[in-house]
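Presented below is the structure to which this report refers.
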Amino acid sequence: MSSIVKVVKTTSENPDFLSLIKTFDEYLWERYPELKTNYWGNNVIELNTNVVVIYLDEKPVACGCFKKYDKNTIEIKRMFVSPEARGLGLAQKVLHELELWAKEFDYSISVLETLYKQQEAIILYQKVGYVIVDNYGPYVGLDKSVCMQKIIGKIYK
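With the working numbering applied, the sequence shown covers 88 to 244.
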């Protein structure tokens with residue numbers, strides 16, 4: 088019996104997104120207790136109208152969002168897949184949906200930041216075309232951050 092996967096474009100006010108993010112934050116606190124003071128200000132989600140939630144048999148199991156970084160660039164934020172739904176390609180699906188959505192707004196570059204222990208995430212991002220770049224913006228000088236970038240559309244100068 089196959090599962091039903093549903094992709095929903097929504098906002099950061101979506102209760103299922105908020106629930107997934109709460110679980111994500113708890114996971115990160117456990118995995119990185121040493122970073123509580125340095126990093127979490129960068130993960131506050133202000134109102135965001137570019138959120139994707141994926142449901143597996145009506146249960147919210149994966150999410151991500153993007154925000155404008157500059158005129159040509161989006162930043163991927165809050166990528167998370169519930170432990171019980173990992174290995175099903177859902178993170179890749181979230182990323183793909185976010186990149187397609189960003190291209191609708193003529194963005195051409197996607198950047199993101201993850202943490203050094205997130206090896207599975209780093210491998211996934213590289214698999215779908217992201218490359219490691221120098222830390223940008225709020226992550227400059229933070230040695231636990233891994234910043235990545237991908238060209239998602241035509242670059243206009």
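We put the CB at the ideal spot given by N, CA and C, even for glycine. Model, not experiment: these values are computed from the prediction.
Review point. If you compare alpha carbons, which of 198, 192, 167 and 214 is closest to residue 222?
Key: For residue 222, the closest of 198, 192, 167 and 214 by C-alpha to C-alpha distance is 198.
Check your understanding: Where residue 220 and residue 242 are concerned, what is the direct C-alpha to C-alpha distance, given to the nearest angstrom?
Key -> Looking at the two C-alpha atoms, the distance is approximately 18 Å.
Practice item. Mark residue 115 as exposed unless 16 or more other C-beta atoms lie within 10 angstroms of its C-beta, in which case mark it buried. Key: Counting other Cβ atoms within 10 Å of its Cβ, residue 115 reaches 16 or more and is therefore classed as buried.
Exercise for review: Report all residues from its chain with a CB closer than 6 Å to the CB of residue 226; omit the five preceding and five following residues, and keep chain order.
Suggested key: Cβ contact annotation for residue 226 (same chain, cutoff 6 Å, sequence separation greater than five): 200, 232 and 234, in chain order.
Practice item. Reducing DSSP to helix, strand and coil, say where residue 212 ends up. Key: Taken through DSSP and simplified to helix, strand or coil, residue 212 comes out as helix.
Exercise for review: Using DSSP bridges, identify the partner residues of residue 201.
Suggested key: Assignment of beta-bridge partners to residue 201 by DSSP yields 233.
Review point. Which residues mark the beginning and the end of the beta strand (DSSP E) in which residue 156 is found?
Key: Counting along the chain, the beta strand (DSSP E) containing residue 156 begins and ends at 146-157.
**Study point:** Distance, residue 202 Cα to residue 100 Cα
**Key:** Whole-angstrom Cα-Cα distance: 25 Å.
Review point. Which term fits residue 161, buried or exposed, when burial requires 16 or more other beta carbons within 10 angstroms of its beta carbon?
Key: Looking at its Cβ environment, which holds 16 or more other Cβ atoms inside 10 Å, residue 161 is buried.
Exercise for review: Give the DSSP-derived three-state secondary structure of residue 192 in the structure shown.
Suggested key: It is coil, neither helix nor strand.
Check your understanding: Just curious, the beta strand (DSSP E) that residue 142 is in, first and last residue?
Key -> In the DSSP assignment, residue 142 falls within the unbroken beta strand (DSSP E) covering 138-143.
Review point. In this structure, does DSSP put residue 219 in helix, strand or coil?
Key: Strand.
Check your understanding: Alpha carbon to alpha carbon, how far is residue 230 from residue 89?
Key -> Whole-angstrom Cα-Cα distance: 42 Å.
Exercise for review: Locate the beta strand (DSSP E) running through residue 93, then write down its first and last residues.
Suggested key: Element bounds for residue 93: 92-97.
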